[in-house]
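In the numbering used here, the protein residues as written are 20 to 419. Notes to accompany the following structure.
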């Protein structure tokens with residue numbers, strides 16, 4: 020099952036959850052706030068007065084779950100069978116789904132199980148989710164493939180102990196079930212040529228596999244992190260993540276140079292500090308880790324490294340610089356003119372409160388698209404908060 024299929028299954032089930040939750044929420048809110056539940060819900064969900072709250076709420080499961088949490092003590096806690104923990108868990112599931120975060124088959128099954136349990140609790144239709152759940156369970160039960168079934172060397176317990184001791188520094192940073200394949204990843208072809216009776220394989224094939232994985236996973240990471248970035252920009256960023264110089268830095272982080280098996284000639288020529296050799300070794304280690312532990316383990320290892328690399332790049336803008344600036348309205352105007360050649364527009368209206376303590380809501384539009392909303396005790400404060408939220412969205416989309 021691919022990541023995309025898991026995304027589709029969870030998206031479909033979240034939609035089913037939304038269809039079941041909405042009438043339940045309306046019933047419970049109306050019981051507690053006869054005739055004015057919409058007025059109560061609007062400021063909680065930050066929905067402008069001109070918007071149709073009921074339509075918006077009926078189509079957005081994240082708002083539904085948010086409203087349940089916000090009104091838990093006053094309204095929804097009364098249902099003794101309803102679990103606040105499941106609601107919180109499903110908010111996290113929905114956020115991961117919205118940000119196209121990969122779901123493993125195990126993650127997918129847990130998400131569907133929680134959705135089904137919540138639907139049963141509110142006595143809503145659950146048949147479609149149960150069908151999806153059973154299909155995922157079937158795939159889980161059939162998934163007997165083990166990565167050690169891909170040819171990996173079999174070594175004696177004594178030999179494994181020796182390898183683990185020699186490579187302990189690396190294994191503390193990247194855990195292998197079978198460390199013998201890690202040793203192959205660190206075996207340079209010159210060492211095999213010089214010592215054909217000591218080793219039977221060099222790291223060339225693992226290097227080939229690792230190169231393919233690094234290109235794929237860096238591209239996938241950028242695709243998810245920057246949903247509106249153009250293909251050309253993503254290509255440039257991917258190159259900066261997987262070029263030889265950068266991969267050599269990753270190898271240095273793992274201290275691979277100290278543990279590579281080299282011929283005497285290669286070592287005398289400074290092979291342990293050679294960027295090309297180090298980057299090849301890192302690619303081979305990634306290929307070995309995939310065979311040993313699977314693509315999820317490789318992804319979980321690489322993504323924090325990718326994130327740190329991008330953060331340290333010259334064109335990176337700290338999120339706090341974008342959001343916590345003293346003048347977010349001015350900074351947003353500067354960014355909008357730079358990226359879109361247009362000035363942002365604000366719509367502000369009263370959103371409740373008292374005469375002494377009014378509350379305003381502002382919406383900022385860039386080229387007609389809603390980029391952020393904000394609440395404040397004055398029009399200025401509402402606009403300032405809306406600008407901060409718009410900057411955060413631009414940052415998330417990789418536009419600043």
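From the three backbone atoms N, C-alpha and C, an ideal C-beta is built for every residue, glycine too.
Here's a check: name, in chain order, each residue in its chain whose Cβ is nearer than 8 Å to the Cβ of residue i, leaving out the five neighbours to either side.
{"i": "residue 27", "result": "none"}
{"i": "residue 234", "result": "257, 261"}
{"i": "residue 93", "result": "51"}
{"i": "residue 133", "result": "105, 108, 109, 112"}
{"i": "residue 253", "result": "238, 241, 242, 245"}
{"i": "residue 186", "result": "198, 201, 202, 205, 278"}
{"i": "residue 155", "result": "20, 28, 124, 127, 128, 131"}
Ordered along the chain, which non-local residues of its own chain (more than five positions away) have a Cβ less than 7 Å from that of residue i?
{"i": "residue 232", "result": "305, 306, 309, 317"}
{"i": "residue 386", "result": "359, 361"}
{"i": "residue 196", "result": "311, 312"}
Alpha carbon to alpha carbon, how far is residue i from residue j?
{"i": "residue 271", "j": "residue 258", "result": "19 Å"}
{"i": "residue 222", "j": "residue 328", "result": "26 Å"}
{"i": "residue 48", "j": "residue 188", "result": "58 Å"}
{"i": "residue 294", "j": "residue 280", "result": "16 Å"}
{"i": "residue 381", "j": "residue 358", "result": "22 Å"}
{"i": "residue 56", "j": "residue 371", "result": "14 Å"}
{"i": "residue 121", "j": "residue 112", "result": "11 Å"}
{"i": "residue 109", "j": "residue 404", "result": "27 Å"}
{"i": "residue 116", "j": "residue 176", "result": "43 Å"}
{"i": "residue 71", "j": "residue 119", "result": "28 Å"}
{"i": "residue 106", "j": "residue 89", "result": "11 Å"}
{"i": "residue 198", "j": "residue 313", "result": "14 Å"}
{"i": "residue 414", "j": "residue 379", "result": "25 Å"}
{"i": "residue 53", "j": "residue 98", "result": "19 Å"}
{"i": "residue 397", "j": "residue 65", "result": "15 Å"}
{"i": "residue 240", "j": "residue 374", "result": "49 Å"}
{"i": "residue 180", "j": "residue 266", "result": "29 Å"}
{"i": "residue 69", "j": "residue 388", "result": "16 Å"}
{"i": "residue 407", "j": "residue 347", "result": "6 Å"}
{"i": "residue 412", "j": "residue 226", "result": "38 Å"}
{"i": "residue 45", "j": "residue 103", "result": "18 Å"}
{"i": "residue 95", "j": "residue 394", "result": "25 Å"}
{"i": "residue 135", "j": "residue 151", "result": "10 Å"}
{"i": "residue 343", "j": "residue 273", "result": "Reliability of the predicted coordinates at residue 343 is poor, the pLDDT of 47 falling under 50, and the value obtained from them is presented with this limitation in mind. Cα to Cα, residue 343 sits roughly 35 Å from residue 273."}
{"i": "residue 269", "j": "residue 298", "result": "8 Å"}
{"i": "residue 291", "j": "residue 282", "result": "11 Å"}
{"i": "residue 183", "j": "residue 206", "result": "15 Å"}
{"i": "residue 377", "j": "residue 255", "result": "48 Å"}
{"i": "residue 399", "j": "residue 191", "result": "52 Å"}
{"i": "residue 331", "j": "residue 311", "result": "30 Å"}
{"i": "residue 356", "j": "residue 210", "result": "58 Å"}
{"i": "residue 220", "j": "residue 140", "result": "58 Å"}
{"i": "residue 276", "j": "residue 326", "result": "23 Å"}
{"i": "residue 287", "j": "residue 321", "result": "32 Å"}
{"i": "residue 249", "j": "residue 142", "result": "45 Å"}
Keeping to the same chain, check which residues put their C-beta closer than 6 Å to that of residue i; ignore five residues upstream and five downstream.
{"i": "residue 409", "result": "351, 383, 390, 391"}
{"i": "residue 230", "result": "302"}
{"i": "residue 25", "result": "122, 127"}
Which residues mark the beginning and the end of the beta strand (DSSP E) in which residue i is found?
{"i": "residue 248", "result": "Element bounds for residue 248: n/a, residue is neither H nor E."}
{"i": "residue 380", "result": "377 to 385"}
{"i": "residue 394", "result": "388 to 395"}
{"i": "residue 222", "result": "Careful: residue 222 lies outside any beta strand (DSSP E) and carries neither H nor E."}
{"i": "residue 364", "result": "364 to 372"}
Name the two residues that bound the continuous alpha helix (DSSP H) containing residue i.
{"i": "residue 318", "result": "314 to 330"}
{"i": "residue 61", "result": "56 to 64"}
{"i": "residue 128", "result": "124 to 140"}
{"i": "residue 197", "result": "Looking at the DSSP string, residue 197 is not in any alpha helix (DSSP H), and its letter there is neither H nor E."}
{"i": "residue 184", "result": "176 to 185"}
{"i": "residue 111", "result": "103 to 117"}
{"i": "residue 95", "result": "Run containing residue 95: none; DSSP gives neither H nor E here."}
{"i": "residue 191", "result": "Here residue 191 belongs to no alpha helix (DSSP H), and DSSP marks it neither H nor E."}
{"i": "residue 2", "result": "What is shown of the chain runs 20 to 419, which leaves residue 2 out entirely."}
{"i": "residue 16", "result": "The displayed coordinates of the chain run from 20 to 419. Any statement about residue 16 would go beyond what the structure contains."}
{"i": "residue 216", "result": "Where residue 216 is concerned, there is no enclosing alpha helix (DSSP H), given that its DSSP letter is neither H nor E."}
{"i": "residue 81", "result": "80 to 89"}
{"i": "residue 37", "result": "22 to 51"}
Between residue i and the ligand GTP, is the CB less than 7 Å from at least one heavy atom?
{"i": "residue 298", "result": "In the structure shown, the ligand GTP is absent, as is every other ligand, since no ligand is present at all."}
Q. With a cut-off of 8 Å, do at least 3 Cβ pairs link the region 57 to 65 to the region 354 to 365?
A. no
Q: Please determine if the region 30 to 44 and the region 130 to 150 are in contact, where contact requires at least 3 C-beta pairs separated by less than 8 Å.
A: yes
Q. At which residue ranges does the region 224 to 311 contain complete alpha helix (DSSP H) runs of 4 or more residues, listed in the order of the chain?
A. With a minimum length of 4 residues, the continuous alpha helix (DSSP H) runs that stay inside the region 224 to 311 are 250 to 261, 263 to 272, 283 to 287.
Q | Inter-stretch contact (C-beta, 8 Å, three-pair minimum) for the region 39 to 48 and the region 80 to 95 | A | yes
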